[in-house]
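Chains as they are written, first to last, in the UniProt record's numbering: chain D, 1 to 454; chain Z, 1 to 454; chain V, 1 to 454; chain H, 1 to 454. Comments concern the structure below.
Protein chains: 4
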Amino acid sequence: MSTPHPIVALTSSSSWALIEDKFTPFGKETLANLIDFVQNEVLPATKLAHAQIPTNPETRWKTERPILEELKAKAKKRGLWNLFLSKAHYPEHGVPLTNLEYAVMAEVLGGAGHIASEAVNCSAPDTGNMEVLARYGSPAQQKKWLLPLLNGEIRSAFAMTERFVASSDATNIRTSVRREGNEIVINGHKWWISGAGDARAKIHLVLGKSDPNNEKKYHQQSIVLVPADTPGVKIIRPMHVFGYDDAPEGHWEVIYENVRVPLDNLVLGWGRGFEIIQGRLGPGRIHHCMRSIGVAQNALNLMIQRVTDPSRKTFGKYLFEHGTVVADIAHCRAEIEGARLLVLSAALQIDKYKAKGAMKEIAIAKFVVPTMALNVLDRAMQAFGAEGLSQDQELAAAYAGLRTLRLADGPDAVHIQQVGQKELRRAKELTEQSNALKKKQNALLQKWNVKAHL
Amino acid sequence: MSTPHPIVALTSSSSWALIEDKFTPFGKETLANLIDFVQNEVLPATKLAHAQIPTNPETRWKTERPILEELKAKAKKRGLWNLFLSKAHYPEHGVPLTNLEYAVMAEVLGGAGHIASEAVNCSAPDTGNMEVLARYGSPAQQKKWLLPLLNGEIRSAFAMTERFVASSDATNIRTSVRREGNEIVINGHKWWISGAGDARAKIHLVLGKSDPNNEKKYHQQSIVLVPADTPGVKIIRPMHVFGYDDAPEGHWEVIYENVRVPLDNLVLGWGRGFEIIQGRLGPGRIHHCMRSIGVAQNALNLMIQRVTDPSRKTFGKYLFEHGTVVADIAHCRAEIEGARLLVLSAALQIDKYKAKGAMKEIAIAKFVVPTMALNVLDRAMQAFGAEGLSQDQELAAAYAGLRTLRLADGPDAVHIQQVGQKELRRAKELTEQSNALKKKQNALLQKWNVKAHL
Amino acid sequence: MSTPHPIVALTSSSSWALIEDKFTPFGKETLANLIDFVQNEVLPATKLAHAQIPTNPETRWKTERPILEELKAKAKKRGLWNLFLSKAHYPEHGVPLTNLEYAVMAEVLGGAGHIASEAVNCSAPDTGNMEVLARYGSPAQQKKWLLPLLNGEIRSAFAMTERFVASSDATNIRTSVRREGNEIVINGHKWWISGAGDARAKIHLVLGKSDPNNEKKYHQQSIVLVPADTPGVKIIRPMHVFGYDDAPEGHWEVIYENVRVPLDNLVLGWGRGFEIIQGRLGPGRIHHCMRSIGVAQNALNLMIQRVTDPSRKTFGKYLFEHGTVVADIAHCRAEIEGARLLVLSAALQIDKYKAKGAMKEIAIAKFVVPTMALNVLDRAMQAFGAEGLSQDQELAAAYAGLRTLRLADGPDAVHIQQVGQKELRRAKELTEQSNALKKKQNALLQKWNVKAHL
Amino acid sequence: MSTPHPIVALTSSSSWALIEDKFTPFGKETLANLIDFVQNEVLPATKLAHAQIPTNPETRWKTERPILEELKAKAKKRGLWNLFLSKAHYPEHGVPLTNLEYAVMAEVLGGAGHIASEAVNCSAPDTGNMEVLARYGSPAQQKKWLLPLLNGEIRSAFAMTERFVASSDATNIRTSVRREGNEIVINGHKWWISGAGDARAKIHLVLGKSDPNNEKKYHQQSIVLVPADTPGVKIIRPMHVFGYDDAPEGHWEVIYENVRVPLDNLVLGWGRGFEIIQGRLGPGRIHHCMRSIGVAQNALNLMIQRVTDPSRKTFGKYLFEHGTVVADIAHCRAEIEGARLLVLSAALQIDKYKAKGAMKEIAIAKFVVPTMALNVLDRAMQAFGAEGLSQDQELAAAYAGLRTLRLADGPDAVHIQQVGQKELRRAKELTEQSNALKKKQNALLQKWNVKAHL
């Protein structure tokens with residue numbers, strides 16, 4: 001592209017031409033604002049923010065990072081806040097951005113490392129939790145938990161996955177949620193609960209079985225709000241991903257042992273747990289995907305710098321003059337472009353037909369993007385040599401993070417099967433069309449009195 | 001997608017949402033017209049058109065197919081004619097369609113087999129040749145050759161590739177083109193000249209060396225118009241591709257032996273050959289790509305029908321219930337979607353920045369799409385068993401045709417290197433940005449008096 | 001390898017060291033004899049043998065090629081005859097070679113094109129048919145059909161696959177074989193019957209259903225000997241693979257219409273058809289695999305010559321100096337070596353444990369080798385440009401032939417599933433071992449009074 | 001394989017048949033002894049050994065693990081000690097095992113986790129260092145450092161890679177090694193020095209430039225023995241690999257600042273550094289490869305257990321009944337078998353032709369095996385879900401370790417290029433053979449008076 005539109009200079013993507021006219025003036029302005037904020041505030045602060053995470057195990061999970069609070073204040077002032085929450089679906093608290101518009105912003109955030117999303121209050125799992133509370137929370141629940149979340153004053157956890165349980169099939173979940181008088185009593189053994197051990201996470205949304213004998217399998221579950229300091233909430237340990245503990249949030253093993261909360265902490269109603277988690281998933285997957293594309297683009301940028309670095313010459317040649325480096329870079333470029341277009345197309349599909357009408361597109365993005373990004377990162381790591389695997393570059397940590405995305409919200413296989421099955425549903429119509437066509441073709445042969453070649 | 005827009009029902013692609021608003025009313029109407037024509041006229045005629053190619057070697061290359069003439073007449077009447085020729089670039093003869101609009105139509109044509117493009121007078125190599133004559137031809141040349149080509153009365157050949165020469169580097173070309181008085185004398189040994197042995201091909205555009213000692217390597221070549229019946233034009237044999245002779249056009253070995261044409265047959269001027277072939281390539285590659293996507297989409301549709309066919313059950317199960325078939329189909333779907341978006345994005349880029357400003361996008365499409373389509377076809381062939389490799393299905397022939405696209409207009413490697421090199425040009429700016437950023441990051445660490453983690 | 005053992009100079013493989021000591025003196029001598037014969041007699045004759053296949057459709061399938069008869073006479077004289085028939089299993093007619101020894105010879109044959117196998121009377125489907133007759137034929141059947149086959153005087157066909165039937169599940173087969181008095185009456189519609197239209201093929205082994213209601217699904221089938229000139233044997237057309245008809249043998253559509261043969265033509269007994277075809281498959285697959293490796297090795301050799309050819313330089317560089325060619329060649333080399341070792345290992349496994357005890361190894365070879373060889377060929381074709389896809393090189397025809405091997409004797413998926421299922425059978429033992437180990441590990445922790453890290 | 005030979009029951013590999021007869025009785029006995037030791041002593045102790053690594057950063061790098069000393073004593077008693085050191089090359093201290101025999105043992109060790117190799121005193125980098133000292137060390141050097149290493153009393157480091165230097169081209173190395181009177185003074189900045197921060201590592205072999213202006217680039221380097229407690233040896237920090245610090249050994253950044261050692265600490269002689277590191281590499285790569293295969297085999301075993309675990313059922317099905325799991329397992333099996341055979345073949349090649357005569361085979365193994373093993377691990381991790389990426393399974397840590405092998409001892413690209421270039425050297429001979437053959441083929445055509453098909 002001769003002269004990239006300034007707004008996407010960050011990623012130099014040609015897909016901008018396809019979507020530019022779908023941005024409102026507010027969308028464009030916000031994107032420009034965000035890019036400016038990320039470049040001039042967030043990126044310069046990433047090293048400091050990393051350094052402000054204590055290495056001491058005593059304090060590692062208990063510290064607020066001053067630089068982050070400063071960034072959050074600046075972002076709020078710029079109007080860059082809760083961008084994920086679509087006004088179309090959440091009129092009261094939402095921001096007037098489409099899924100497509102926010103998707104582009106998610107790439108910008110993803111390319112800027114972990115703190116960017118938090119700086120604009122768009123971090124998982126808070127985003128999904130805020131959507132749940134905004135859509136399904138009672139006024140009291142919203143006042144107590146949604147508002148501080150929207151303000152970035154607290155953080156939250158979503159407790160679904162269970163240890164010793166194949167919980168990618170959510171009907172397998174065993175945590176017990178039962179009413180006892182005016183209280184709800186919760187007992188269960190969860191893990192991989194992101195942020196649960198972070199001192200700032202004040203509220204857990206816990207999915208459990210309230211009606212295990214209901215013959216409708218998807219009406220057995222309920223979601224309950226559990227304040228983090230409720231007696232019986234036992235934070236066991238952070239799970240590691242590869243060798244990373246992902247402080248300051250972490251992914252935690254948590255045991256809920258006879259945890260008691262008031263009846264009012266039930267979300268939406270008994271047996272509505274499944275309905276809630278279903279609504280929570282679609283757009284979030286797109287955000288994950290676009291952040292991943294930002295990560296991949298960033299890795300490619302690093303790789304390009306490395307292979308052209310004169311101090312890295314070996315045997316008298318630049319790294320890019322060796323082996324298959326140039327071809328590797330070309331493949332990275334092509335794979336990133338193709339994947340980005342798939343996600344943007346899915347985001348637009350959601351805008352047009354809601355998440356339900358975009359299931360195939362979401363599923364495609366969900367299984368294509370993480371693998372694509374992992375491949376790009378792997379090539380970049382290879383270009384960096386051992387340093388690329390170490391704490392001195394961000395690549396290996398990013399790889400670990402992306403690797404979880406081939407499992408989170410369902411392993412690849414689930415989405416692949418879903419797309420395949422959806423395609424198979426076209427069989428009947430296709431076969432009917434083919435049969436009708438063959439008849440016409442044969443009729444024409446007969447009419448012209450010509451014999452088909454064998 | 002819940003309800004596909006009728007206009008793209010043929011391909012049920014979600015990318016339509018991304019581009020719909022870039023179509024003019026004329027573009028949409030023409031697309032709908034074309035889809036209707038293809039479904040109701042072209043597809044029913046494919047078997048007949050195939051049957052009308054004689055198998056007898058004596059007549060195989062000499063026959064006009066009546067059904068094709070009928071289709072051409074119908075297409076012309078519907079206004080579906082020369083759709084490839086953009087009015088923006090060729091005001092006199094062109095059609096007011098953008099590259100993007102025609103790209104979608106090219107997919108429709110590609111999915112309908114060989115005769116569809118010819119029926120609407122959009123077949124290679126005529127398309128490129130008409131562009132050359134429309135842009136660079138003298139009025140006399142246009143009157144004599146362009147008009148009958150535009151009318152679909154004759155066909156043409158483009159003679160560039162040479163036997164015994166590594167002609168993917170066009171400076172290697174050896175055919176001699178020299179002036180002798182008022183005549184041009186041509187001597188050379190070409191091959192893979194598509195259509196040259198087809199009786200309907202009346203004119204060859206021949207690239208040769210007119211000034212082999214010119215120190216500017218790209219000013220040594222000229223293009224000359226050679227009527228097919230000029231003495232000395234020797235049609236040697238059709239080259240086969242995986243055993244196919246691709247009648248009725250074929251790809252020919254041709255020897256030009258002391259061929260003499262008037263001086264007026266020179267195109268544009270002495271030494272301008274390279275300039276002409278450069279202008280000829282960009283959009284044509286996009287058309288090839290979109291036709292390939294039509295082929296891939298078609299193969300997927302066939303595969304879906306096969307694996308759901310109850311008469312193909314083995315061991316009590318449908319084919320789709322075995323092995324990795326469902327996953328294969330999902331990957332086909334995802335790969336087609338991603339590739340289509342890449343090509344559409346490149347087409348739009350051409351519309352916005354001309355072919356020169358879309359070189360990276362064109363190159364990406366050029367190396368991604370054929371390999372993608374071959375993979376889809378290979379999976380489809382596997383689903384069909386041996387029948388999938390035979391004359392009873394169109395898959396193997398389509399595979400052979402697509403396989404040539406990894407070589408035509410430059411092998412994959414050329415385009416891959418081009419994209420990689422273009423990416424490397426970003427190195428300087430990226431490195432400067434990184435260095436500036438690192439300074440800011442370190443300044444901030446110092447300002448806060450925090451030490452970075454090792 | 002510094003100095004390759006002369007005996008494997010043809011393939012320069014390092015795997016020779018692994019197997020050399022498993023060759024008997026006779027095996028080594030025969031291999032040397034065969035390599036000499038192939039290099040000095042077969043390879044010089046390949047072009048002539050190809051030229052002796054008439055292109056005229058009238059005579060194409062009816063001609064014996066004199067050069068082939070000459071080669072066969074020479075081979076017989078040298079003792080290079082029926083090498084596939086193991087004396088261990090067929091004491092009367094067999095040759096004292098192991099499967100491993102013959103496997104190496106099959107690679108030599110495969111690398112020398114189609115005529116090599118025929119020259120030493122080791123062509124499919126005759127090889128399998130001779131094994132059937134040698135093992136299961138009555139003395140009369142052997143005298144009438146086996147002896148002329150062993151002498152290379154006639155050829156044969158094996159009629160199993162059926163049109164309109166998913167016959168990769170052989171229980172689906174519909175051809176009817178029923179007794180009527182002293183005759184057997186056969187009615188059925190077969191295709192892909194290799195050699196059936198070759199004038200030299202005098203005998204068909206036809207698999208059909210003789211007892212369709214037998215509740216044992218694998219006792220419903222019988223095999224009958226049908227002389228090719230029996231009334232009712234209708235040779236319909238040759239099936240093409242890609243665009244090749246594979247003359248002079250071809251793969252034929254054949255209809256058996258009220259074909260009557262004497263009762264004596266039943267092989268082995270009523271309902272024994274499945275048993276016969278089971279015994280026919282194992283070693284044959286290994287031979288196919290080794291021939292494929294010969295083809296791949298040959299393609300790599302051609303590729304190496306092409307990319308170092310000074311007349312193929314582009315932009316001032318050898319082809320191997322462009323793009324990823326050197327890496328492509330390295331991958332070809334590595335893939336060929338790995339695949340060859342897998343097949344040799346399977347061959348040895350058969351020698352040690354019979355085909356039944358080598359099922360996993362055979363299945364691995366069966367799905368790994370053809371795909372490997374296709375990848376090698378594809379890279380070679382790419383190096384040759386369009387010429388690589390044409391009749392001027394052997395690559396595309398070899399590709400088409402190898403592509404059928406991903407389907408013949410069961411599609412890849414069947415063998416992949418078989419290996420996967422076999423692996424799963426190890427689950428019980430592995431799980432028991434793991435559980436026992438965990439107990440020991442925990443006991444040791446307790447004994448040392450140490451707590452495991454979380 | 002029906003009944004696996006007990007000696008390879010651990011890996012149930014069919015390659016045993018290929019190599020069994022190349023084992024001496026001592027080799028077989030030692031292998032059986034090793035397998036017994038690993039199963040009954042090492043594997044039960046792995047959890048304890050892991051628990052004995054302190055998590056406290058103060059003590060983490062300073063602790064000897066009692067269980068390991070116990071295992072070492074048991075191994076020594078069983079005669080399972082220094083198995084890597086071939087008597088053929090090191091008559092004084094070596095063990096009478098071939099490379100092939102030890103390769104199989106390396107797989108056994110690799111499959112049993114980190115401590116197995118150490119338990120039998122076969123850990124890198126000690127193995128390579130002992131080989132250097134045994135081959136090139138002076139009697140005094142051997143007495144002081146080799147003997148305690150051979151006895152497993154101390155450990156060692158090999159300091160080659162440098163920070164800020166593209167040290168995969170060893171001529172780039174900058175560490176200065178210069179003589180000053182009777183001393184050698186060393187100044188340099190190394191990193192990725194495995195074990196350098198481990199309290200047990202008493203001696204560093206440091207590669208530096210002693211003669212930077214020598215016009216022979218490979219005579220500029222020397223190797224010096226530096227006791228770990230020499231003043232000026234500064235242990236900076238452990239490098240992490242995917243978040244792992246790989247305690248208790250670790251990979252360290254080390255600065256040598258005016259480190260002074262006696263002249264006697266020079267190894268072999270001035271300018272012989274390159275010669276030494278060259279001799280150090282070949283067999284070591286094979287050991288790495290076989291250990292990797294052990295890791296891959298182990299991962300496959302774990303995967304098989306997981307996908308058949310009834311407690312992991314989702315949607316009513318075992319994991320292996322979903323998606324492409326069975327096919328994934330089959331591919332793992334096939335890839336492991338093929339890779340193992342390649343390494344065994346390379347090991348045998350070393351035995352026959354020394355490392356120099358096996359360079360191609362070693363290079364192939366070096367680039368094929370780690371990628372293969374990473375693919376197997378990746379599939380296994382995917383089967384285990386998030387748990388597979390965590391500290392509760394060994395898979396992610398193994399992945400990180402294997403990932404370094406695509407870079408250690410030269411990145412993949414180096415070995416790929418080496419193999420490709422070696423193949424290209426066959427071009428001349430192949431081309432001559434082809435030309436000779438073509439002449440013969442044409443002569444035969446002429447003799448028979450037949451025209452070749454075009």
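We put the CB at the ideal spot given by N, CA and C, even for glycine. Note that the coordinates shown come from a computational prediction; the quantities given were computed from them, not determined experimentally.
Just the chain H side, please: which residues come within less than 7 angstroms of residue i by C-beta, in chain order?
i, result
"Z:Ala327", "Gly323, Thr324"
"V:Lys352", "Ala17"
How should residue i be labelled, buried or exposed, when 16 other C-beta atoms within 10 angstroms of its C-beta is the threshold for buried?
i, result
"D:Leu319", "buried"
"V:Asp351", "buried"
"V:Ser2", "The predicted model places V:Ser2 with a pLDDT of 32, which falls under 50 and marks its position as unreliable; any figure quoted below should be read in that light. Exposed: under 16 other Cβ atoms inside 10 Å."
"residue 457 of chain H", "Here chain H has residues from 1 to 454 only, and residue 457 of chain H is not among them."
"residue 468 of chain D", "Here chain D comprises residues numbered 1 to 454, so residue 468 of chain D is not present and cannot be evaluated."
"H:Leu300", "buried"
"H:Gly188", "buried"
"V:Pro248", "buried"
Measuring straight from C-alpha to C-alpha, what distance separates residue i and residue j?
i, j, result
"Z:Tyr102", "Z:Leu31", "9 angstroms"
"H:Arg340", "Z:Val369", "36 angstroms"
"Z:Ile173", "Z:Ser222", "11 angstroms"
"V:Leu402", "Z:His89", "47 angstroms"
"V:Val419", "V:Lys360", "6 angstroms"
"Z:Leu147", "Z:Leu68", "19 angstroms"
"D:Thr46", "Z:Ser434", "13 angstroms"
Using a Cβ cut-off of 9 angstroms, pull out every chain Z residue sitting near residue i, in sequence order please.
i, result
"D:Asp378", "Under the 9 angstroms cutoff, chain Z gives no residues; its nearest Cβ is about 17 angstroms from D:Asp378."
"D:Ile293", "The premise fails here: D:Ile293 is roughly 13 angstroms from chain Z at the closest Cβ pair, so nothing lies under 9 angstroms."
Taking residue i and residue j to be in contact with their CB atoms under 8 angstroms, please state how far apart those CB atoms are, rounded to whole angstroms.
i, j, result
"H:Gly282", "H:Ile362", "6 angstroms"
How would you list, in chain order, the residues of chain D whose beta-carbon sits under 7 angstroms from the beta-carbon of residue i?
i, result
"Z:Leu437", "Leu43, Pro44"
Let me check one thing: in DSSP terms, what residues is residue i bridge-paired to?
i, result
"Z:Asn187", "Z:Ser176"
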